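To keep things clear, I will list the structure first and then write my remarks on it.
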Amino acid sequence: MGTAAGMKQGDELLALSDVHMHFGKVAALSGINLTIRKGEIHSVIGPNGAGKTVMMNIINGLYRPQKGTIRFKGKRINTLKPHARAKLGIARTFQKVEVFGGMTVLDNIRLGRHVHYRSGILSGAVYLGRAKKEEIEHRAFIEEEIIDLLEIEQIRHKPVGMLPYGLQKRVELGRALALEPELLILDEPLAGLNLEEVEDMARFILDINEEKRWRVTCLLVEHDMGVVMDLSNRVFVLNFGNMIMDGTPEAVQNHPEVIKAYLGEEDLYATRA
Amino acid sequence: MSAENMILKINNIEVKYHEVILVVKGVSIEVPEGGIVALLGANGAGKSTTLKAVSGLLKHENGAVTDGSIEFMGERIDKLGAEKIAKMGIVQVIEGRRVFEHLTVEQNLKVGAHMRKYGRSIKEGLDKVYHYFPRLWEKRHETAGFISGGEQQMTVVGRALMTRPKLILLDEPSMGLAPLLIHEIFNIIQQLNRDEKISILLVEQNAKLALNVAPHAYVMETGRIVMDDSAEKLRENPDIKDFYLGMTDFGRRKSFREVKHYKRRKRWLA
Amino acid sequence: MELFLMTLTTGIMVGGIYALVALGWVLIYKCSGVLNLAMGEMTLIGAYVSLSFYSMGVPFLLALAISLIIGFVLGILTERIFLDKLIGEPVLTVIMVTVGLSFFFKGTVEFIWGTDTRVFTPPVFSIEPIHIGPLIVGQVYLWSFVAAIVLLIVFVCFFKYTRWGLAMQATADDEMAALSVGVSARYVYAAAWAIAFMAAGVGGTLLGNINGLNISVSYLGLLVLPAVVLGGLNSVPGAIVGGIIIGVLQNLCGTYLDRYFPGAVKEIAPFAFMAIFLLFKPYGLWGWERIERV
Amino acid sequence: MSTTWLPCGVYHETYAQDHAWWQTRFICGKMVLLAVLLFGVIPFFADSYELSVCNQIGYTILGALGVQLLIGFCGQITLGHAAFLAVGAYTSTLLILEFPWPAWMMQWGLAYPISIVAAAIVAGLWSVLFGLPSARVKGFYLILTTMAAQFITVDFIITQYISQIGGRGQAFSLPPGTIKVGPWVIDSDLKVYFMMIVLVIGCVTVLANLLRSRAGRAWVAIRDNDVSAEVMGINVVKYKLLAFFVAGFIGGIAGAFWISNLAAVSPEHFPWFWSLWLVGVILIGGVGSIHGAIFGSIFMVAIMELLQLAVMPLADSFPKLLMDFLFIKEAAFGLAICMFMIFEPNGLAYRWWQGKNYFNLWPFSY
Amino acid sequence: MQHVHSPATGGVSITKELTIQKLFYDQARRYGKGRVAMREKEFGLWRPITWRDYFENVKYLSLGLVRLGLEPGDKVAMIGDNRPEGLWAEMATLCAGGVAVWLFQDCLIDEVRYILDHSDTKFLFGEGQEEVDKALSILGECPQLKKIIWDNPKGMRNYHQDCLISNNALMDLGRELEQAQPDLFAQMVHRGHGDDVALLFYTSGTTSLPKGALLSHNNMLTMGQHLMSVDPCYDTDDYVSYLPFAWIGEQMMSISCGLQIGYTINFPEEPETAQENIREIGPHVMFAPPRMYEQMTRSVQVKHLDASWIKRQFFTLASKIGYHVADLKFGKRPVPLIWKLLEKLAYITVQKKLKDHLGLSRVRHAYTGGAAMGPDHFRFFHALGVNLKQIYGQTEVAGISVVHRDGDIKFDTVGHPIPGTEIKITAEGEIITRSPSVFLGYYKNPEATEKALVDGWLYSDDKGFLDEDGHLVVFDRTKDVFTLRDGKPFSPQYLETRLKFSPTSGTPGSSVIRRTSFRPCCASTTTWSANGPMRRRSITPVIRNCRRNPRSTPWWRNRSARPTRICPMRPRS
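Protein chains in written order, with our numbering: chain L, 1 to 273; chain C, 274 to 543; chain X, 544 to 837; chain A, 838 to 1203; chain D, 1204 to 1776.
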């Protein structure tokens, strides 16, 4: 769908180089370099307030860094607005669910397909021909690819605001997926979920990363170390605007500085499982 | 548990929102004086609602306890307003780190002391909070909306502490926090329980964590209590192991890579 | 130049009155998030009450005090009867209630006091202007300004240093969290309305002393909006500054622009100015920005 | 859409069926009945007064639809919608009166229809102009800029300048026969009624269609959460302006339609009060539902007419108190709005929905 | 010895030559593209599958199996939820001359191993990852098992074992074979004989190992024909298939009857949505265990109590009318005109809507079986105007043998034998049956066959008697019947069923036990009758939350002790 021709597994998909971001005098990021390769699950961990969310916001355009470049598929995207970046294939979920509470699950996911709709306002107003046909095509896509994948058949017509938190998170993931992104930013997708939901969510993330149909590259921000270590190909550790390290999960787990700044000595609380 | 030293008794309550939506049904929970009790359960099971029923915040969301009773130190509180309940010594730490974003950390804490006259006691209260959370001292003049999630959580717990509570209702204190911070906050919670003799009713998704700090726990599903037992016993329960602790039958942790596409069958719901 | 200075001074002084009413407005908004469109009518009620008592021969200050007390009572009643039940309802609904209230108040005022312009007789403040350096200022204006400044100081101190002040701000920020630590939202709201009613009463009385009192004084309720928006909706100093700026702007436009754009420039200017101003500062001068930690 | 309650045995095999508006025979029957009522019963059994009330309702619906779109569906609070009605009315009037129409166009009655379209477009663009601040300004702050639209447009530009065109003083009078649609001169309440019905049905259909297509979803998304809407690839500014345009467009139609009912057009027809009134209509009807705009209009107009009816006989017996009764009416109206908001904060559409549920769930409550 | 004999009634000619696959072949040709054979709720739609699609799918699967090496008489096992693919697989097996073996979806691993091994299964159709995992883990212990065919690709991306093949790949193989031998399928279909084994059905063994009952094509088809001759169905009817295929009742409805009549079989989206999906379809024929009907009545009662006053009054009045009329009908007394009018009124005001809520508004025949059902539940449905009938049967007669007739319903009996069926009660009180549907014997278990089949009579192991009207009354399993001191037989289950509707018990077949703590709990102690679909639930104590304050009102008067729907909706701030 949106895949750029010639992109292979392992090619550089997104690169931040020397990104600086400060709010007033407070430096949120000071010189971050991050490369995400196609097909990877790349996790970002770090203490609260380390700047993870800021980093995500920079990637999808909610913030503009003061210095540094962001390249996506080789193209500099510093100046693009979030909606333009979405069109390029960057989707995200939020730390606190940011669903459209008044809309049904289906409409939320339909909204994720916004950039794939072609009909204009006039054909929408008469709702004949193109607009109608398009609605049906997209509905089929949503049902077959997303609702089926995320197992949310029972709730498709329910308003999202009425759903329990875990399902809202799932809907949010579905909405992001509907964009058919190349890069999916998952900002704490597991926060506030119980183990069962965490397992499901982990399964979905793996599915969308590994299934041939999707092959979505994921950027995962998460505190649940069990999941991060099990799923990620690489882990990036951020501490107050600076990178501590970027490496394989095993290397990160044993890095003394990471343990000191983030993981703690005991594994007791590190993961819920 | 004998009936005498229970600080909080929830007797068979039923909670409805907007007079029609039944969320909690026949829930009974008891918290011993100076104890920690955990309430586990899936999202949407009604845990937060139960807490709000106790703290009286339910009325604010158009909810009401339509049956049963809640007793705090022998007095019925299910019909009282939130501020009366707070005055009696129950404080709820609402989920989602609800600081007063536009106030500074110290102002946040001072609002916690609203029920007292200003003066020395406030000073003492602040000192105590800063003693438990030295990090807040460093941030005390910063706007609470801009401090990190962990510090916000500390602010919220500190603010609760400022009310000089007898019972704290903690709603998912670990949500979205880094491992080290979770550790820190839970240590402080245990400390508060130990040193300040504050009873705690804890709602937590992270069952392992909850069962570590709480000697007794209740399990809630779809608005009902389905199980309650001591932490040790719960930890041995195969369903709890499977659904809440993520252990295989051999006591090992399951890898999240190997989660299967199986249909879930909960034995207790069968 | 002299004309300019004169206009400026009058603007500042009239702005003082706007600031007073704006203060009341901000208070309600700050505490309960209610965008009060009945402010003009509240002003009207306060003014008519003090005028009535004054006409009956009660000394002015006493009449003002009585009007304050009545304002206090009315404020609490209004909050209890109309707005208490709306806690938690969507903001627009609440706004609409204030619109309904404004009709209700207006109808009541017209029913009781009629639509003719009435003046304070004998005049409370001497018509004799005061000379400050090169400037000539009407006594009414000066007193209004002084009153505004005094109230400003009181309010700022209230918010900064009293527990109720903090509680009010906390309630505005997160009502649920405030409730959970024992802040009684009911008291907070009632107090806010009472104080706002009182402030509006003072403002209305002062304004009535300038041009006499009729139903058009309620237009003040609208003028308050640009003032508070300029200051940033929930900032007390913002309301004062906003009020004064609007006062000045109005007077300047009236003096200088009217000949180029005949007609209602004076009335339109604050709104037009505000609309443009907001483009540059979408949260006014000191408004609370939405803290977005996405 | 597909969330409607379906009786047992009605199921869908294609998405087209699932997306259809009227999915059961019962609903189709209801719609046929409604059509019969609107086209066959009301126009022939209502007297002139009742028809004029109907027209008033239709006008209110047309005005309220735009407000509903902005407030209810796009979350952009507006308190200046009467300005766009005014722009529509004045554009249409000016075009009819001042534009050098070729004689055949006049004869074929094309001037007025064309002027309606032009009015709609001009009002839409004017609305976009005042919607521009919405790119940066949010929430209550936006209220002020929309209020500015009202005061600048009606109280300043129209009162001070437009009204001076042609040296007519404050009002443009519309000589009989100028308002002509095709072969019909719109000169009776009945003809206005038919025009109103056609316009209302047209606008409601267009709006309803928009709401279930791409643009409508984008609007609702912006209302619910503008940040995540932006992240999902919606050009928030563009869609906000589009909402302003459509709202202004329908407002323009409303204004242009209303002149058919007036002998003269003057700024007093479009006061700020009317903007507030329209917001009141959708609040009482129910925010975020097209039904709401319709129910609200019916209710508000009916209330006003009833108050009128109640006051008139009293005024006859107490002529001295006539003035006072006006004030009582005003106070009563204000009180009525307050009470309605307090006891029915979700609006009539919610009641309607509840009523439907009451019967759908019969004999149970859930 | 009582003896009842019903002569076989003619109808669709079922000869000894006819096999299920031949019938399928003819039906598919007859209906073709124009008629919907089945619907599956998938992707939010009731996706129609025409007879032509059905035929094509079965053809390719069947040829694929042949290509993999299926020989006539080989066993093919199926495990999974109710989905069209399951039925296709079964039909494909039959077309290729194989024998179909169905396993319960929730079979424990030991049971799966035993059945696969015992039946010499060569191919296994598993639905998805769960089934494949099960099969892979026992692969080494079932030497006959050659291939595992999976269908649902979820989670299957990392499975590359040689013994696995996907449904689609199998169909591709079939297509290749068709290219090579275009006539093969038709030849295959037409070679069998009605007395060949079609299905190998494992009956539960709560105490002993499962026994595999061999059912012939003829068994199945005559069974369906005889049932339909009592209660005719039409090819425009809808039926919802949601009970496990491994239960004979479901086979009877989907294959025996479905294929003969050609009605549309609908499959729910997910097992959890079955109830809702049934309501959407509004089937004409229904077969469900008593549990489901009991659940319906209970939910109606609860909802009724929670309804507003006016609604309650209407409901009460309507049900009074309904009960009165139903009782008249039960007693075979004429219904006076006034009551007919009242019944009409009750129908318009309440029952129509109520039936709609339950998904029963189109139902012509509703059957219940597998276990006994409380008379009050029975009355409830008749009062509602639902033609609910009790049936009696077992796997060994390929479905059912006894059913109520229209207008002759006694709720403590199971009715008369269907045509072609003879029922006798032995001296010991055991029910024995003879009919063309009686099975061929147990697979690899001659002793058991000998015990069950004597001179063509099937010994059911159930105690019962025939009442004065010739209705059969089933008492209980032989082993569960106790003898009282005075020599009378006594069946706890029989008693319990009659207590089921008593307002003091919360859950079906439950008894309230007071534990040592203050908290009374309801624990299910019933064992479902052996043929019941829910046998897996047996014995496990089910904890229901019936917590309450011991000092509050007596719990049966306490509203909160009632089971109530918990609304999952939770307003979030």
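Every residue gets a Cβ at the ideal spot worked out from N, C-alpha and C, and that includes glycine. In this text, all values refer to a predicted model and were calculated from it rather than measured experimentally.
In this structure, DSSP gives N108/L a helical state, which the three-state scheme calls helix. For C1460/D, the closest alpha carbon among the candidates F1668/D, E1633/D and Q1230/D is that of Q1230/D.
The beta carbon of A1101/A does not come within 7 Å of any beta carbon belonging to chain L, so the residue lies off that interface. With respect to the 7 Å criterion, L1297/D and I1223/D are classified as neighbours on the basis of their beta carbons.
For F23/L, not one C-beta of chain A is nearer than 7 Å to its own C-beta.
For N1062/A, the nearest CB of chain L lies under 7 Å from its own CB, placing it at the interface with that chain.
Within the same chain, Cβ atoms closer than 8 Å to the Cβ of W1542/D are found at I1524, H1527, V1528 and L1531, the five residues on either side in sequence being excluded. Unbroken beta strand (DSSP E) runs of no fewer than 3 residues, entirely contained in the stretch 1224-1255 of chain D, are found at 1239-1245 and 1248-1253, following chain order. Under the three-state reduction of DSSP, G676/X is assigned to coil, being neither helix nor strand. Cα atoms of K289/C and T339/C: separation of roughly 7 Å, rounded to the nearest angstrom.
Under the 8 Å Cβ criterion, the stretch 316-334 of chain C counts as touching the stretch 164-171 of chain L, having at least three qualifying pairs. The bridge partners DSSP lists for Y1645/D are A1416/D.
R1680/D carries a strand assignment under DSSP once its states are collapsed to helix, strand and coil. For T69/L, the enclosing beta strand (DSSP E) covers residues K67 to F72. Under the Cβ criterion (8 Å, minimum of three pairs), the stretch 744-760 of chain X does not count as touching the stretch 622-637 of chain X. For Q478/C, the nearest CB of chain L lies under 7 Å from its own CB, placing it at the interface with that chain.
Using a Cβ distance threshold of 7 Å, D224/L and R530/C do not count as a contacting pair. By the C-beta density criterion, R76/L is exposed, having fewer than 16 other C-beta atoms within 10 angstroms. Contact between G925/A and G1089/A is confirmed by a C-beta separation of about 3 Å, below the 8 Å threshold.
Between the alpha carbons of P446/C and H387/C lies a gap of roughly 23 Å.
Note that the C-beta distance between A1416/D and T1598/D is below 7 Å. A Cβ-Cβ distance of about 6 Å is found for the pair G431/C and L409/C, placing them in contact under the 8 Å criterion. Secondary structure at P1275/D: coil, using DSSP grouped into helix, strand and coil. At least one CB atom of chain D sits nearer than 7 Å to the CB of K533/C. At a cut-off of 7 Å between C-beta atoms, I1468/D does not count as an interface residue with respect to chain A.
Between the stretch 1015-1035 of chain A and the stretch 1076-1089 of chain A there are fewer than three inter-stretch CB-CB distances shorter than 8 Å, so the stretches are not counted as touching. At a cut-off of 7 Å between beta-carbon atoms, V44/L makes no contact with chain C.
Contacts with chain X at 7 Å (Cβ-Cβ) do not include V878/A. By the neighbour-count definition (other C-beta atoms within 10 Å, threshold 16), D1277/D is a buried residue.
Inclusion of V297/C and V372/C in the CB contact set at 7 Å is not warranted, their separation being larger than that value. At a cut-off of 7 Å, the C-beta of R623/X has no neighbouring C-beta in chain C.
Per DSSP, the unbroken alpha helix (DSSP H) holding N752/X starts and ends at A728 to N754.
Considered as a whole, the stretch 687-713 of chain X harbours no complete run of any alpha helix (DSSP H) with no fewer than 4 residues. For C891/A, the enclosing alpha helix (DSSP H) begins and ends at S885 to V904. Per the coordinates, the alpha-carbon of F1201/A lies some 7 Å from the alpha-carbon of D1509/D.
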